[in-house]
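Right, one structure below, let's go through it.
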Amino acid sequence: MTMNEQTIQKTQTGALRRLTRTDEFGVLIPLIIIVAVTTVLRPAFLSVGNFSSMFTQLTFIALTALGASFPLMVGQVDISTGKVAGFAGIIMSSLVVDHGMDMFPAIVIAMAACLAVGVLNGVLVVYWKIPDFVATMGTLYMVGGARYLFVKGYQFSLATQESHKLVDVFDGRYFGMPIYVWIMVAIFAIVFVIIKKTLWGRRLLAVGDNREVAILSGIHADKMRVQAYIISAALSAVAGLLLTLDVGVGLPETGDGWEFRAIAGCVVGGVSLAGGKGSPLGVLIGISLVFVAENAIIFLGCPATMKVAVQGLLMAAAVLCDLYRQKRKVAA
Numbered sequence: 001m002t003m004n005e006q007t008i009q010k011t012q013t014g015a016l017r018r019l020t021r022t023d024e025f026g027v028l029i030p031l032i033i034i035v036a037v038t039t040v041l042r043p044a045f046l047s048v049g050n051f052s053s054m055f056t057q058l059t060f061i062a063l064t065a066l067g068a069s070f071p072l073m074v075g076q077v078d079i080s081t082g083k084v085a086g087f088a089g090i091i092m093s094s095l096v097v098d099h100g101m102d103m104f105p106a107i108v109i110a111m112a113a114c115l116a117v118g119v120l121n122g123v124l125v126v127y128w129k130i131p132d133f134v135a136t137m138g139t140l141y142m143v144g145g146a147r148y149l150f151v152k153g154y155q156f157s158l159a160t161q162e163s164h165k166l167v168d169v170f171d172g173r174y175f176g177m178p179i180y181v182w183i184m185v186a187i188f189a190i191v192f193v194i195i196k197k198t199l200w201g202r203r204l205l206a207v208g209d210n211r212e213v214a215i216l217s218g219i220h221a222d223k224m225r226v227q228a229y230i231i232s233a234a235l236s237a238v239a240g241l242l243l244t245l246d247v248g249v250g251l252p253e254t255g256d257g258w259e260f261r262a263i264a265g266c267v268v269g270g271v272s273l274a275g276g277k278g279s280p281l282g283v284l285i286g287i288s289l290v291f292v293a294e295n296a297i298i299f300l301g302c303p304a305t306m307k308v309a310v311q312g313l314l315m316a317a318a319v320l321c322d323l324y325r326q327k328r329k330v331a332a
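Using the working numbering, you'd call the opening residue of the sequence shown number 1 and step up by one each time.
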């Protein structure tokens with residue numbers, strides 16, 4: 001073997017080792033196992049139609065999980081994400097149907113309202129020192145109740161609004177997948193670059209890893225934490241708007257239960273509850289694992305109530321792994 005061949009082999013071996021030591025690889029293994037076992041028991045599980053359907057449904061909760069990962073990365077939590085997603089869809093559809101507003105201004109106003117919720121969460125947690133779980137639970141109920149005030153017992157059907165053609169765009173498929181799937185992929189790619197390759201991303205993780213050290217190094221930790229809540233609300237709003245445009249109906253139930261599935265996906269995907277650790281790729285794989293496990297339960301004929309138990313089991317396992325990593329970090 002020549003010197004060049006030995007160098008290439010060592011490089012490939014080193015790259016493989018680095019890959020297998022990543023948190024994302026650790027989450028990918030149980031995902032592959034679940035898919036393999038379910039396929040053996042129910043071959044239809046691996047069909048193109050089923051996976052296309054799962055990936056389509058995954059889009060909205062994945063964006064919500066990506067949003068929820070930002071507060072987690074700075075050592076906080078946001079449990080209002082699901083209700084914010086539903087709030088965005090209801091505001092947009094209400095403005096379009098009840099007030100005859102064009103779609104794009106309605107989307108801008110809905111986004112602005114949800115960003116205001118993100119700012120409120122940030123102010124309550126960062127500057128008013130209210131515990132994050134309590135503060136975001138308050139906005140969860142506030143926004144959740146506001147959705148029903150808007151609908152007044154009705155559904156807002158965007159499909160009947162002939163002047164608004166944006167809904168029709170979401171009915172089409174591009175390269176075999178709906179447009180909102182490609183929007184989700186683009187957003188994850190952009191966030192991945194921001195977190196992994198930019199100074200802002202490194203500062204965000206630094207705040208979560210050790211806030212005091214981050215402050216001493218000149219980072220405005222409080223500002224970063226508020227920004228994390230704003231981004232969380234923004235991405236949740238995008239998820240809610242995309243789902244509303246997809247189904248063509250504004251429903252107050254949109255987003256119910258998303259918040260804890262999103263957090264479960266984040267933690268399973270390697271986002272540390274203590275902050276300072278996480279990646280968009282890990283979030284995507286983590287929420288995919290949760291989603292595929294839920295789908296597998298249905299395919300295997302188990303009671304639907306088992307889905308909640310599986311979510312809890314996956315999250316408990318992920319939390320234990322996170323605690324183990326934190327202890328190893330402290331010991332080192």
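Glycine residues also receive a C-beta, built at the ideal position from the N, C-alpha and C atoms.
Just so it is clear, the structure is predicted and the values come from calculations on it, not from any experiment.
Cross-strand partners of residue i (DSSP beta bridge)
i	result
residue 177	174
Residue range of the unbroken alpha helix (DSSP H) whose run includes residue i
i	result
residue 116	103-122
residue 76	Taken as a continuous stretch (DSSP letters only), residue 76 belongs to no alpha helix (DSSP H), as it is neither H nor E.
residue 89	81-99
residue 264	258-268
residue 297	280-299
residue 201	199-209
residue 126	From DSSP, residue 126 is part of no alpha helix (DSSP H); its letter is neither H nor E.
Whole-angstrom C-beta distance between residue j and residue i, which should lie under 8 Å
i	j	result
residue 282	residue 126	That belief does not hold up - the Cβ atoms of residue 282 and residue 126 are roughly 25 Å apart, past 8 Å.
residue 65	residue 92	About 21 Å separates the two Cβ atoms, so there is no contact after all.
residue 205	residue 276	5 Å
residue 237	residue 114	4 Å
residue 120	residue 139	6 Å
residue 56	residue 178	6 Å
residue 235	residue 67	3 Å
residue 224	residue 247	Contact flag wrong, Cβ pair sits at about 35 Å.
residue 280	residue 192	4 Å
residue 292	residue 35	6 Å
residue 60	residue 304	Not a contact, Cβ separation roughly 19 Å.
residue 62	residue 243	That pair is no contact at about 12 Å.
residue 86	residue 257	Incorrect: roughly 10 Å between the Cβ atoms, too far for contact.
CA-to-CA distance, residue j to residue i, given in whole angstroms
i	j	result
residue 269	residue 100	42 Å
residue 90	residue 241	9 Å
residue 116	residue 326	34 Å
residue 51	residue 219	43 Å
residue 53	residue 129	43 Å
residue 321	residue 267	9 Å
residue 94	residue 134	29 Å
residue 288	residue 31	8 Å
residue 76	residue 273	8 Å
residue 189	residue 131	32 Å
residue 318	residue 214	27 Å
residue 324	residue 96	50 Å
residue 183	residue 222	30 Å
residue 259	residue 250	19 Å
residue 308	residue 217	43 Å
residue 146	residue 108	18 Å
residue 78	residue 136	6 Å
residue 194	residue 187	11 Å
residue 123	residue 88	20 Å
residue 24	residue 33	15 Å
residue 144	residue 118	14 Å
residue 312	residue 102	42 Å
residue 310	residue 271	19 Å
residue 141	residue 40	43 Å
residue 211	residue 278	16 Å
residue 112	residue 315	32 Å
residue 49	residue 294	17 Å
**Prompt:** Is it a yes or a no for the stretch 229-241 touching the stretch 58-74, going by three-plus beta-carbon pairs under 8 Å?
**Reply:** yes
**Message:** Quick test of the definition: if touching needs 3 or more C-beta pairs under 8 Å, does the stretch 77-84 touch the stretch 184-204?
**Reply:** no
**Message:** Taking contact to mean 3 or more Cβ pairs, one atom from each stretch, closer than 8 Å, check whether the stretch 296-306 and the stretch 36-48 are in contact.
**Reply:** yes
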